[in-house]
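Protein chains in written order, with the working numbering: chain S, 1 to 311; chain Y, 312 to 504. Have a look at the structure below before the remarks.
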């Protein structure tokens, strides 16, 4: 299978890097075994996890019994399996999302079938707060240029940012996962991703927007558009390269449609945030004051007041 | 919280001593936060009175006046309250899900008590705002808030970092940083009417 090919030291330096970072992490067999340890079930009699012979013996049954031994949905241990990551793994996944490469599938190479919820949740939280804070800072900059603008903390934007980012990062993967499951019948070889893996891909792909949003503080319009376009390209490329192996076997129309919808939604999010949260810098004080208006009320509808070319 | 069982048959006697004992316990924890050292007092005898007092004080000082009807202003009392408690609960859940061996209420206690430096910063900012506005006014407030923010972070990590496995410390500390950053931002952007 393609997955086994990729993991059998196909890329030697990456495997050695990973092993160097996490010396306790073994190959897939060990990976399958690790969630086993968090299950508070006495599958091995006596529960001596370190014993070599028990590892060998339970290893064969691990794949079979893994389904049954998952902690129940209502226990705390179930949710703990989604936070079973180390600092180095999270950093590695973030790096993987920042630098997408055509052959590198984020899910197979970085998640290695162990998605986590830590990354998506806290990246979304950080992005929401950074959006609100830097958006407010642009209001400060605008007020210094044009004193007639009234500064206010605009605290309600925190709620708006949080809702928008979390809805995007959780509902769009849900829709995508549902769609891929529906089309599952068309594909034979490569199975679709689980819901958590999709959420993970989207969550980590939003990371690149955090430095971009901070860069949008600099009131130079072409720089803002350039950094926005670059971030969007990186983020959407990561998504496309991850989804391509799954949709490539579908009909051409469905594949192209799906990928363009994914990229379009991402672009809508980026431009929507840019227009809603960021106060355009008013022109120099000699210009007529009516250009320095208040924030556009909605995300997508009203055209922006003419952005000044003055840096 | 350790409560002594008072003799039930004394309805008429005033009993100030348990209150004084609780207040002293709260005060002792305030001292531990202001001078953070490696000690177990905050963890061992946790209580939530201190965090409640601090949160209410902070929320009262941060709320905008009732005459202000524009929706663009700072947070309301309820918003501050929700952010502090919801944020503390989220961080505690995060820490426990990552495998930390600190209990739920101990973590809430630590996070709540470590808001003390930021409450002091809020008091200082309100006093500074009584003078005339200007860049110096802002620089003083910025400096005070940054120092108190750093103090809060140092105090809380002194207590919380040890409860995590070593390869996940940064993952558990980062949300604490975000939490105090948001509170500092609310304090810094407070503008009186």
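Glycine included, every Cβ here is placed at the ideal spot set by N, Cα and C.
Beta-carbon contacts of residue 240 (chain S) that lie in its chain and below 6 Å, excluding the five residues immediately before and after: 259
Range covered by the alpha helix (DSSP H) that runs through residue 212 (chain S): 209-215
Compute the Euclidean distance between the alpha carbons of residue 468 (chain Y) and residue 403 (chain Y), then round it to the nearest angstrom. 13 Å
Specify whether the region 200-214 of chain S and the region 92-107 of chain S touch according to this definition: at least 3 beta carbon pairs, one from each stretch, less than 8 Å apart. As far as the Cβ criterion goes, the region 200-214 of chain S touches the region 92-107 of chain S, which means the pair count is three or higher.
Quick check on residue 193 (chain S): does DSSP put it in helix, strand or coil? In this structure, residue 193 (chain S) counts as coil in the three-state DSSP scheme.
So, is residue 455 (chain Y) buried or exposed, given that buried needs 16 or more other C-beta atoms within 10 angstroms? With 16 or more other Cβ atoms inside 10 Å of its own Cβ, residue 455 (chain Y) counts as buried.
Let me check understanding here. Comparing Cα to Cα, which of Y:450, Y:368, Y:484 lies closest to residue 421 (chain Y)? Y:484
Quick one: Cα of residue 155 (chain S) to Cα of residue 502 (chain Y), how far? 12 Å
Taking the alpha helix (DSSP H) that residue 243 (chain S) belongs to, which residues open and close that run? 221-247
Assuming residue 124 (chain S) is part of the alpha helix (DSSP H), what are its boundary residues? 118-145
8 Å contact criterion, which residue 269 (chain S) and residue 168 (chain S) should meet: CB distance rounded: Residue 168 (chain S) and residue 269 (chain S) do touch by the CB rule: their CB atoms are close to 6 Å apart, below 8 Å.
Out of S:124, S:144, S:139, point me to the one whose CA is closest to residue 446 (chain Y)'s CA. Closest by C-alpha distance to residue 446 (chain Y), out of S:124, S:144, S:139, is S:144.
Residue environment, residue 223 (chain S), which counts as buried when at least 16 other CB atoms sit within 10 Å: exposed
Just to confirm my understanding: we take residue 72 (chain S), look at its own chain, exclude 5 residues before and 5 after, and list those with CB closer than 7 Å. What are they? 78
When you compare the CB positions of residue 507 (chain Y) and residue 498 (chain Y), do they come within less than 9 Å of one another, or not? Here chain Y comprises residues numbered 312 to 504, so residue 507 (chain Y) is not present and cannot be evaluated.
Listed by chain order, chain Y residues near residue 87 (chain S) by CB distance under 8 Å: 478, 479, 480, 481, 482
With a cut-off of 9 Å, does the C-beta of residue 485 (chain Y) fall near any C-beta of chain S? yes
Along chain S, which residues have their Cβ under 7 Å away from the Cβ of residue 493 (chain Y)? 129
Just reading off the alpha helix (DSSP H) that residue 387 (chain Y) is part of, what are its end residues? Neither: residue 387 (chain Y) is in no alpha helix (DSSP H) and is coded neither H nor E.
For residue 276 (chain S) and chain Y, any beta-carbon pair shorter than 9 Å? Residue 276 (chain S) does not count as touching chain Y.
Mind reading off the beta-carbon distance from residue 130 (chain S) to residue 213 (chain S)? Whole number of angstroms is fine, and I expect it under 8 Å. 5 Å
Compute the Euclidean distance between the alpha carbons of residue 359 (chain Y) and residue 444 (chain Y), then round it to the nearest angstrom. 37 Å
Count the other CB atoms, across all protein chains shown, that sit within 10 Å of the CB of residue 313 (chain S); report buried if there are 16 or more and exposed otherwise. A query on residue 313 (chain S) cannot be resolved here, the shown segment of chain S reaching from 1 to 311 and no further.
Residue 30 (chain S) CB to nearest chain Y CB: under 9 Å? At residue 30 (chain S) the pLDDT is 41, less than 50, meaning the model places this residue with poor confidence; the figure from the coordinates comes in the next sentence. No, no contact with chain Y.
Determine the closest residue to residue 137 (chain S) out of S:215, S:104, S:173, with distance taken between C-alpha atoms. S:215
Output, in chain order, the set of chain S residues within a Cβ distance shorter than 7 Å of residue 385 (chain Y). Listed along the chain, the chain S residues whose CB falls inside 7 Å of the CB of residue 385 (chain Y) are 153, 155.
Where does residue 211 (chain S) land, buried or exposed, given buried means 16+ other C-beta within 10 angstroms? exposed
Flag this pair as touching only if the region 361-370 of chain Y and the region 388-396 of chain Y have three or more C-beta atom pairs under 8 Å; answer yes or no. yes
Strictly under 9 Å for the Cβ-Cβ distance: is residue 339 (chain Y) near chain S by that measure? Using a CB distance cut-off of 9 Å, residue 339 (chain Y) does not count as an interface residue toward chain S.
Spatial neighbours of residue 363 (chain Y) within its chain, please: C-beta separation below 8 Å, excluding the five flanking residues on both sides. 423
Contact set between residue 83 (chain S) and chain Y, taken where Cβ atoms lie within less than 8 Å: 405, 408, 409, 410
How far does the alpha helix (DSSP H) with residue 107 (chain S) in it reach, from first residue to last? That residue, residue 107 (chain S), is in no alpha helix (DSSP H); it is neither H nor E in DSSP.
As assigned by DSSP and simplified to three states, the class of residue 153 (chain S): coil
Exposure of residue 397 (chain Y), with buried meaning 16 or more beta-carbon neighbours within 10 Å: exposed
With 16 other Cβ atoms within 10 Å as the buried cut-off, status of residue 279 (chain S): By the neighbour-count rule (16 or more Cβ atoms within 10 Å), residue 279 (chain S) is buried.
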